[in-house]
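Notes to accompany the following structure.
2 protein chains.
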Amino acid sequence: MCVFVQKAAVDRVLSAFRSICGEDCVSLGEAVREQHGKDESVHKCRPPDVVVFPRCVEEVSSLAKVCHDHNLPIIPFGTGTGLEGGVGAVKGGVCFSLRNMEQILDLHQEDFDVTVEPGVTRKTLNAYLRDTGLWFPVDPGADASLCGMAATSASGTNAVRYGTMRENVMNLEVVLSNGTVIHTAGKGRRPRKTSAGYNLTNLFVGSEGTLGIITKTTLRLYGIPESMVSAVCSFPSVQAAVDSTVQILQAGVPVARIEFLDDVMIDACNKFSSLSYPVTPTLFLEFHGSERSLEEQVATAEEITQSNEGSDFQWAQDAETRNRLWKARHDAWYAAQALRPGCKAYSTDVCVPLSRLPQIIVETKKDLLESRLTGPIAGHVGDGNFHCLMVVDPNDPDELHRVHLFTERLAR
Amino acid sequence: MCVFVQKAAVDRVLSAFRSICGEDCVSLGEAVREQHGKDESVHKCRPPDVVVFPRCVEEVSSLAKVCHDHNLPIIPFGTGTGLEGGVGAVKGGVCFSLRNMEQILDLHQEDFDVTVEPGVTRKTLNAYLRDTGLWFPVDPGADASLCGMAATSASGTNAVRYGTMRENVMNLEVVLSNGTVIHTAGKGRRPRKTSAGYNLTNLFVGSEGTLGIITKTTLRLYGIPESMVSAVCSFPSVQAAVDSTVQILQAGVPVARIEFLDDVMIDACNKFSSLSYPVTPTLFLEFHGSERSLEEQVATAEEITQSNEGSDFQWAQDAETRNRLWKARHDAWYAAQALRPGCKAYSTDVCVPLSRLPQIIVETKKDLLESRLTGPIAGHVGDGNFHCLMVVDPNDPDELHRVHLFTERLAR
């Protein structure tokens, strides 16, 4: 292990690990280490020196204490579905794979909250909730661990209506680097709001594992809407699509999702997901509510899109068609990658005020063209947030350099 | 000044203050100091040693630096409308009264955001926004400074629909104790959401001035709803009123306000605001939306309240009647006080999971009775939050002792 100086120390640490969580829960195998050194991004695999699989918060705490005493880096690992290389062990160290902690605890149906361990994913929780009439709407696409979503402040297509993790985490149990266990909102508490003390919960949400290991997350739940309907609308220009978004939000339509796909992105999705939408700037929309409120939401939204020369809405009312549509949106990452087989995708994440969005997307597309780069654009436009999915040949240094220059310009 | 050791140091500090913001903006007068040592609560006045009135962030920064160099406590002061004694200079020091910084900056109508200085109150901002079709809904009752509301993580009757300050502050300019000026989300930035870096904005929201002086707040705005309607509904029991609240929220009715008043509270409001509602547990409700969605919201809510033996809704549809109703709710504090002339009100603030609310309110009322205390109860029940407004004779030590014991039990 690169981070240890002496063989004796290595043995001491490993034996401490084994005595805490048993032989089976400590792995030095190359395959296991490789698997825990990367996520779904283009970032290079940076395997940890050892992977541990604790089964409860007490084990996490004891393991952390050993790491702390030996000055070893700790890297928490959920599902590895991240897109930003956050799990890479850049200085070696110990990966805490939390998949064995997979309990769903303390579901309070009347209070709309639940507590989950790090091994519980978004889809597992929603399957568990199915008969309760409740759901957890934050949906970053991948079937990520909910504690990982808290650690990375995950967002997604529903954020315009339900908020991001920031608005939906009520409490966290966290193991600090020295093994101390804290509850950010107080032990066993699940306040809807609070102004007592510093807001530690939201300091840990988005801290990407740098402040501690999240071992439990208490989440806010929502009632499943009576009806949902999705629609697709094509536009003659980026401006027309984004203007429609701004006007729909200004009109107070409580739209649940509103996603922009540029011509390159919709083309990729058509090919990857066997769809046949016109290859022009496009909005995917979804409305949640009662039958009656849906009618009204849709009527207002359609009036606005048509005044911006949008096409008629193409409907997806039944669950299957809706799921197919949103799966296509969620698969945008793979669809982009499939545009150039053998290449890797690399996502940028830009959030700007809504009013500046059309101009920035138009400029970005121009820049991509001039830089000879493939970069379909998709965005949670309701929040002014868009992703440019760079599809890059990792073996072409000149192209990598152009990507680097492009992303630097974009960040500015 | 108690905090200074030497006369020479006092003179040096005062002369530094005067050279920064001018003779007129530094006050040692007793009346001014008294006025800045208390808020609207029962907490004893704790006057600062000196009050300064900076006019811009540069002056705040320079003044803070002087305080830092001389190890003097700094107490930021907005409007003094707090109810928890947060402005008291418990160890003396320098009060920064920020009322001279009263600019409204950077209104971005298309992006639904605006930036305000600490002298701008909630009502001033909404008056300024009147012609734009936008408003800022967080409403703690008093006409508080918006930066003060950020500092205290203010909430209010609208929180169930629009959230608290926590969800509606996008960026803060803060002067740290040593004079350093920071922007919690980056200078000039106003992201709808972000997962880049630690969430400093929400660390400062609710920090009560302990981490720095907020000199600018960037706020999220909302479209003014097409219609609003308020209703009052009386119930045979606390349980029936709270059950109705839970069921209305579970049914997904996007209620804008839902406020509980117990029999003692509604009696006080009737007397203070010349109303004539039945003296039983009561809900004040408000619905926002389009004409059509209102009809539906109201129909669902009324069906639920009637199934819980609530009375027919008493309507307040026109702006004047609505304002009268909510003014009565906002004046609950004074109404409680008026129950016992010569006494002071003292508010407790408790937030519990919704499912536990009826039991806790019933127990609290029983405890009040047994302790021979006057404590009308009002609550933002949509969040499980309620206030027991203790009306206390400050000259009766035995009563003060009973209040102390009661609040200790309540906090548990």
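Chains A and B, in that order, are what the protein sequence lines are.
So the first sequence is numbered by my numbering: it starts at 1 and just counts up by one.
So the second sequence is numbered by my numbering: it starts at 1 and just counts up by one.
Every residue gets a Cβ at the ideal spot worked out from N, C-alpha and C, and that includes glycine.
Enclosing beta strand (DSSP E) for residue i [first to last residue]
{"i": "residue 106(A)", "result": "104-108"}
{"i": "residue 259(A)", "result": "257-261"}
{"i": "residue 307(B)", "result": "Segment 291-307 is the alpha helix (DSSP H) holding residue 307(B); no beta strand (DSSP E) there."}
{"i": "residue 218(A)", "result": "213-220"}
{"i": "residue 196(B)", "result": "Taken as a continuous stretch (DSSP letters only), residue 196(B) belongs to no beta strand (DSSP E), as it is neither H nor E."}
{"i": "residue 232(A)", "result": "227-234"}
{"i": "residue 126(B)", "result": "That residue, residue 126(B), is in no beta strand (DSSP E); its alpha helix (DSSP H) goes 122-129."}
{"i": "residue 352(A)", "result": "First-last for residue 352(A): undefined, no H or E at that position."}
{"i": "residue 392(A)", "result": "385-392"}
{"i": "residue 76(B)", "result": "74-77"}
First and last residue of the uninterrupted alpha helix (DSSP H) at residue i
{"i": "residue 148(A)", "result": "146-151"}
{"i": "residue 317(B)", "result": "Unbroken run through residue 317(B): none, as it is neither H nor E."}
{"i": "residue 361(A)", "result": "357-370"}
{"i": "residue 434(A)", "result": "An answer regarding residue 434(A) cannot be provided, because it is not within the stretch 1 to 412 covered by chain A."}
{"i": "residue 248(B)", "result": "238-250"}
{"i": "residue 344(B)", "result": "Note, residue 344(B): premise wrong, no alpha helix (DSSP H); beta strand (DSSP E) at 344-347."}
{"i": "residue 421(A)", "result": "Residue 421(A) lies beyond the stretch modelled for chain A, which goes from 1 to 412, so this question has no answer here."}
{"i": "residue 253(B)", "result": "Careful: residue 253(B) lies outside any alpha helix (DSSP H) and carries neither H nor E."}
{"i": "residue 33(B)", "result": "30-35"}
As assigned by DSSP and simplified to three states, the class of residue i
{"i": "residue 68(A)", "result": "helix"}
{"i": "residue 170(A)", "result": "strand"}
{"i": "residue 434(B)", "result": "No statement about residue 434(B) is possible, as the shown extent of chain B runs from 1 to 412 and does not include it."}
{"i": "residue 162(B)", "result": "helix"}
{"i": "residue 378(B)", "result": "strand"}
{"i": "residue 282(B)", "result": "strand"}
{"i": "residue 330(A)", "result": "helix"}
{"i": "residue 112(B)", "result": "coil"}
{"i": "residue 56(B)", "result": "coil"}
{"i": "residue 202(B)", "result": "helix"}
{"i": "residue 266(B)", "result": "helix"}
{"i": "residue 1(B)", "result": "Annotation note: pLDDT 49 at residue 1(B) (below 50); position unreliable, no value reported."}
{"i": "residue 339(B)", "result": "coil"}
{"i": "residue 97(A)", "result": "strand"}
{"i": "residue 136(B)", "result": "coil"}
{"i": "residue 181(B)", "result": "strand"}
{"i": "residue 62(B)", "result": "helix"}
{"i": "residue 83(A)", "result": "coil"}
{"i": "residue 42(B)", "result": "coil"}
{"i": "residue 273(B)", "result": "helix"}
Cross-chain neighbours of residue i in chain E, by beta carbon under 9 angstroms
{"i": "residue 239(A)", "result": "Among the chains of the structure shown, chain E does not appear; the protein chains present are A and B."}
Any non-hydrogen atom of the ligand HEM closer than 8 angstroms to residue i Cβ
{"i": "residue 41(B)", "result": "Inclusion of the ligand HEM in the displayed structure is not the case, the ligand content being empty and no account of it being possible."}
Check distances from the C-beta atoms of the segment 170-191 of chain A to those of chain B and list, in chain order, the residues that come in under 7 angstroms. Only those residues of the segment 170-191 of chain A whose C-beta falls short of 7 angstroms from the nearest C-beta of chain B are listed: 190, 191.
Is there contact between the segment 91-103 of chain B and the segment 44-63 of chain B, where contact requires at least three CB pairs shorter than 8 angstroms? yes
Would you call the segment 217-234 of chain A and the segment 333-348 of chain A in contact, with 3 or more CB pairs under 8 angstroms? Below 8 angstroms, too few C-beta pairs join the segment 217-234 of chain A and the segment 333-348 of chain A to call them touching: fewer than three.
For the segment 361-378 of chain B against the segment 258-276 of chain B, are there 3 or more C-beta pairs whose distance is under 8 angstroms? yes
Decide yes or no for the touch test of the segment 386-393 of chain B against the segment 358-377 of chain B: beta carbon pairs closer than 8 angstroms, at least 3 of them. Verdict: yes, contact present.
Could you say if the segment 139-154 of chain A and the segment 208-215 of chain A meet the contact criterion of at least three C-beta pairs nearer than 8 angstroms? yes
Any chance the segment 237-248 of chain A sits against the segment 288-296 of chain A, with 3 or more Cβ pairs inside 8 angstroms? no
Looking at chain B, which residues of the segment 200-214 of chain A have a Cβ within less than 7 angstroms of any of its Cβ atoms? 202, 203, 205, 206, 207
Output, in sequence order along the chain, the residues in the segment 274-308 of chain B whose CB is closer than 7 angstroms to any CB in chain A. For chain A, the residues of the segment 274-308 of chain B that bring a beta carbon within less than 7 angstroms of one of its beta carbons are 290, 292, 293, 296, in chain order.
Can you confirm whether the segment 157-165 of chain A touches the segment 102-114 of chain A when touching is taken to mean that 3 or more C-beta pairs between the two stretches lie within less than 8 angstroms? no
Members of the segment 326-358 of chain B near chain A, C-beta cut-off 7 angstroms: 351, 353, 354, 355
Count Cβ pairs between the segment 317-334 of chain A and the segment 263-278 of chain A that sit closer than 8 angstroms; are there 3 or more? yes
Do the segment 152-160 of chain A and the segment 25-43 of chain A touch if we need at least three Cβ pairs shorter than 8 angstroms? Segments in contact, no.
Tell me which residues of the segment 215-227 of chain B have at least one Cβ-Cβ distance to chain A shorter than 9 angstroms, keeping chain order. 222, 223, 224, 225, 226
Listed in chain order, which residues of the segment 75-86 of chain B have Cβ atoms closer than 8 angstroms to some Cβ of chain A? none
Residues from the segment 38-61 of chain A in contact with chain B, defined by Cβ distance under 7 angstroms: none
Count Cβ pairs between the segment 56-70 of chain B and the segment 20-33 of chain B that sit closer than 8 angstroms; are there 3 or more? Yes: the two stretches touch, three or more of their Cβ pairs being nearer than 8 angstroms.
Residues, ordered as in the chain, of the segment 107-121 of chain B that lie near chain A by beta-carbon distance below 8 angstroms: From the segment 107-121 of chain B, only 108, 110, 111, 112, 113 have a Cβ closer than 8 angstroms to chain A.
Count the C-beta pairs between the segment 174-182 of chain B and the segment 123-134 of chain B that are closer than 8 angstroms, then say yes if the count reaches three, no if not. no
When you check each C-beta in the segment 232-265 of chain A against every C-beta of chain B, which residues fall closer than 8 angstroms? 246, 249, 250, 251, 252, 254
Residues, ordered as in the chain, of the segment 397-410 of chain A that lie near chain B by beta-carbon distance below 7 angstroms: none
Taking only beta carbons into account, state which residues of the segment 89-108 of chain A come closer than 8 angstroms to chain B, listed in chain order. So the list reads 108, given in the order they occur along the chain.
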